[in-house]
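Numbering-wise, numbering that gives the first Met the number 0 puts 331 at position 332 of the sequence shown, and it's gapless, one number per residue. Idealized CB from N, CA, C, for every residue including glycine. If you're wondering where the values come from, they're calculated on a predicted model, not measured in any experiment. Okay, structure first, notes after.
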Amino acid sequence: MRHAKVKHLAAGPSRFVNHEVQQPLSRVTDALLQDPPPGDWLNWRRTRNSHGYSPLDQVTRDNVDDLQLSWVLSIREGNNQTTPLVHDGVMFLANPGDVVQAIDALTGNVIWEYRSPLPDDARQRGPTRTLALYGDKVYLATHDGAIVAIDAATGSEVWRTVKADYSLGFTQNGGPVVANGVVVSGVNGCERYKEQTCFITGHDPDTGEELWRTSTIALPGDPNSASWGDTPPYLRAGGDMWIPGSYDEGLNLFYIGTAQAKPWVARSRGMTTGQDALYTNSTLALNPQTGQVEWYFQHVPGETLDLDIVYERVLIDADGEQWLFTIGKDGILWKLDRRTGAFVELRETIYQDVFETVDRETGRLEYRQDIRDADVGSRVAACPSLLGGHNWQASAYHPDAGAL
């Protein structure tokens, strides 16, 4: 679906005069994304396996006290949880309000600034966590439901494709990831009842054409539709994605986490904690070229306390095996075989009194009886709170130390 003609409200005039990046920017290829130079940070967690690890070694424990401030740049006010990307000495920064800047990483000078026009009735809902780089373009997932390609050298808009109707509550906080030549991104803002459910899309990086769309909710016709009981399709809400996914090039699988069913409390959505409500609170493994779900693993079926497990999926190879690690608000660290989605093990990293049964053979959890029986309007004390034992601040993996 292409961009509709609407009245726009710009994010305010830019303070900067756009220039072209002076030094030639090398094209960001699949090979470069897979193995970036030490000084580049090309993805949300630097590499698509979401390690969040930098091999740079100039700053050490011995000299860190000698660091001096080099430059300061004020960014726009708003909800900031963004991770800048760096390529060939240029930093690409997402500001609140769908504003993107290219910055000389050495001097802090703004090279160009792109401001996505927002409709009058659009409102920013949460941060923009990252951008994507591929070829000669920067990709932005906007808060009014579009994917935008920006010329990395000049800041000019190359194409814009609207994928979601923001007036229905849809927005985008996670940011895109390029996997096997496809721009993959999920939506959030799926707590409102509507005919269209939460979904993830793949777009052509050159044209913006939508290549596929996959719902994160099991609808009639899906073999797991019965996991929602008698709940009609338009009341099947949730399954949001507000954290970027990970990608395994060798397996050609894209991994992403989905949030819980909505409303949060099972009884308020006319269900019980015994009804799984797939594919919420799950890890999904998709083929990035077709959008087909190759496997899924639901961490907490029938989630009812807003303890979602939507966060980073860290891909680690060890002892000849290929693992996927993730952790959610309940503080439980999950280990899956990322080839098949098979449960391997879990570990409780914080105190929790939410689950009375933790099956370490199958990974199946069961809430306390009073939580299972809780009705709308009743009070339940539980630890952790909805802020969680883990949240959007991502974990990291040190490959040399083998430490997560």
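For the beta strand (DSSP E) containing residue i, name the first residue and the last one.
| i | result |
| --- | --- |
| residue 146 | 145-150 |
| residue 101 | 98-103 |
| residue 93 | 89-94 |
| residue 256 | 252-256 |
| residue 311 | Unbroken run through residue 311: none, as it is neither H nor E. |
| residue 110 | 109-114 |
| residue 396 | Counting along the chain, residue 396 falls outside any beta strand (DSSP E), and DSSP gives it neither H nor E. |
| residue 138 | 136-140 |
| residue 158 | 156-161 |
| residue 246 | 245-247 |
| residue 356 | 354-357 |
| residue 86 | 84-86 |
To the nearest angstrom, how far is it from the Cα of residue i to the Cα of residue j?
| i | j | result |
| --- | --- | --- |
| residue 67 | residue 58 | 12 Å |
| residue 97 | residue 361 | 43 Å |
| residue 315 | residue 376 | 43 Å |
| residue 90 | residue 100 | 8 Å |
| residue 252 | residue 65 | 43 Å |
| residue 332 | residue 325 | 6 Å |
| residue 369 | residue 259 | 20 Å |
| residue 155 | residue 149 | 6 Å |
| residue 134 | residue 28 | 6 Å |
| residue 121 | residue 166 | 7 Å |
| residue 126 | residue 171 | 9 Å |
| residue 291 | residue 356 | 33 Å |
| residue 227 | residue 214 | 14 Å |
| residue 404 | residue 25 | In this structure the chain extends from 0 to 403, so residue 404 is not present and cannot be described. |
Quick one: what's residue i bridged to in DSSP?
| i | result |
| --- | --- |
| residue 331 | 347 |
| residue 320 | 317 |
| residue 213 | 199 |
| residue 193 | Answer is none; residue 193 lacks a bridge partner. |
| residue 342 | 335 |
| residue 36 | DSSP output for residue 36 lists no bridge partner at all. |
| residue 187 | 170 |
| residue 283 | 255, 295 |
| residue 381 | DSSP output for residue 381 lists no bridge partner at all. |
Assign residue i to one of two classes, buried (16 or more other C-beta atoms within 10 Å of its C-beta) or exposed (fewer than that).
| i | result |
| --- | --- |
| residue 113 | buried |
| residue 329 | buried |
| residue 307 | buried |
| residue 392 | exposed |
| residue 21 | exposed |
| residue 176 | buried |
| residue 409 | Here the chain covers residues 0 to 403 and nothing more, so residue 409 does not appear. |
| residue 359 | exposed |
| residue 3 | Bear in mind that the predicted position of residue 3 carries a pLDDT of just 34, short of 50, making it too unreliable to give a figure here. |
| residue 279 | buried |
| residue 239 | buried |
| residue 77 | exposed |
| residue 384 | exposed |
| residue 185 | buried |
| residue 407 | Here the chain has residues from 0 to 403 only, and residue 407 is not among them. |
| residue 320 | exposed |
| residue 62 | exposed |
| residue 55 | exposed |
If you follow the alpha helix (DSSP H) that residue i is part of, which residue opens it and which one closes it?
| i | result |
| --- | --- |
| residue 74 | Counting along the chain, residue 74 falls outside any alpha helix (DSSP H), and DSSP gives it neither H nor E. |
| residue 372 | 368-372 |
| residue 132 | Unbroken run through residue 132 is the beta strand (DSSP E), 131-133; no alpha helix (DSSP H). |
| residue 33 | 29-33 |
Using a Cβ-Cβ cut-off of 8 Å, state whether residue i counts as contacting chain B.
| i | result |
| --- | --- |
| residue 242 | Note that chain B does not occur in the displayed structure, where there is just one protein chain. |
Taking 7 Å as the line, does the beta carbon of residue i fall inside it for any heavy atom of the ligand COA?
| i | result |
| --- | --- |
| residue 384 | Absent from the structure shown: the ligand COA. Ligands present: none. |
**Item:** Touch test, the segment 153-170 against the segment 126-145, Cβ-Cβ under 8 Å, three pairs minimum
**Value:** Taking 8 Å as the limit for Cβ pairs, the verdict is that the segment 126-145 does touch the segment 153-170.
**Message:** Would the segment 338-349 count as touching the segment 70-84 if we require 3 or more Cβ pairs under 8 Å?
**Reply:** These segments do not touch.
**Asked** Is there contact here, the segment 36-45 with the segment 292-306, by at least three beta-carbon pairs under 8 Å?
**Response** Verdict: no, contact absent.
**Prompt:** Do three or more CB pairs link the segment 276-290 to the segment 195-215 at distances below 8 Å?
**Reply:** Yes, since at least three Cβ pairs between the segment 276-290 and the segment 195-215 fall closer than 8 Å, the two stretches touch.
**Request:** Evaluate contact between the segment 173-189 and the segment 200-217, counting only Cβ atoms and requiring at least three cross-stretch pairs below 8 Å.
**Result:** Segments in contact, yes.
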